[in-house]
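What follows is a short report on a single structure.
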Amino acid sequence: MSTNGEQNLEQGNKAYAASFTQGDLALPPSQNYAVLTCMDARIDPAAAFGIPLGAAHVIRNAGANARDAFRSIVISQQLLGTTEVLVVKHTGCGMLIFDNETAKGLVKRNKGEAALKEVQDIDFLTFSDLEAEVKKDVEWLQSRAVETGIRFTGWIYEVETGKARKVV
Ligand SMILES: [Zn+2]
2 MSTNGEQNLE QGNKAYAASF TQGDLALPPS QNYAVLTCMD ARIDPAAAFG IPLGAAHVIR
62 NAGANARDAF RSIVISQQLL GTTEVLVVKH TGCGMLIFDN ETAKGLVKRN KGEAALKEVQ
122 DIDFLTFSDL EAEVKKDVEW LQSRAVETGI RFTGWIYEVE TGKARKVV
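Numbers given in my numbering equal positions in the sequence shown, counted from 1, plus 1.
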């Protein structure tokens, strides 16, 4: 039996492909920017941030963490010519509600000591102050920028209202 994920992909894709007309888009993003946001299921970047197909890179991970996304950001800029990065974190982020010790404690409790060893060295990159974390990640990206003239901005998206506001 197929899962919800498989069913959604098969059925949703059938409908999507049936009316698909944008098969000739170029590889580099047409509007030359990248958005880094969280993997949170409540965020629809294309709709919420106004991104047409082919216009921008959307990089996602838990917490919209800049260090975690750095490999993709470098590729985006060096190979595909983007010149702007928007870091968009959000209210109600899972990364706000636990820390490394909690995460490792859960693994140990659920999976035992052996499994704990697998995650012992992982920094889950959690944070406690949303706005400060947006600023911190933008500063980190600015300090690590390998390309000159890149514009970095930081934003907070509210999952409660659908609104995004610029922080830095
Ligand atoms: Zn999140």
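Don't be surprised by glycine CBs; every beta carbon is placed ideally from N, CA and C. In this text, all values refer to a predicted model and were calculated from it rather than measured experimentally.
query	result
Since Ala67 contacts Asp138 with CB under 8 Å, what's their CB separation in whole angstroms?	4 Å
Ignore the nearest five residues each way along the sequence and tell me which others in Pro46's own chain have a CB closer than 7 Å to its CB.	Val36, Thr38, Ile52, Val59
Just the Cα atoms here: how many angstroms apart are Glu134 and Met2?	42 Å
Scan the stretch 59-106 and note each continuous alpha helix (DSSP H) run of 4 residues or more that stays entirely inside, going in chain order.	67-79
Does the stretch 19-31 come close enough to the stretch 78-88 that 3 or more CB-CB pairs lie under 8 Å?	yes
Hey, how far is the Cα of Glu7 from the Cα of Tyr17?	15 Å
With Gly150 and Val169 assumed to form a contact (beta carbons below 8 Å), what rounded beta-carbon distance in angstroms separates them?	Contact doesn't hold; Cβ gap of about 18 Å is too wide.
Once you ignore the five residues that flank Ala70 on each side, which residues in its own chain have a CB closer than 7 Å to its CB?	Leu37, Ile60, Asn62
Which same chain residues, not among the five before or five after Val147, have their C-beta less than 8 Å away from its C-beta?	Val75, Gln78, Gln79
Among residues of its own chain, excluding the 5 on either side of Tyr158, which ones have a beta-carbon nearer than 6 Å to its beta-carbon?	Val89, His91, Ala165
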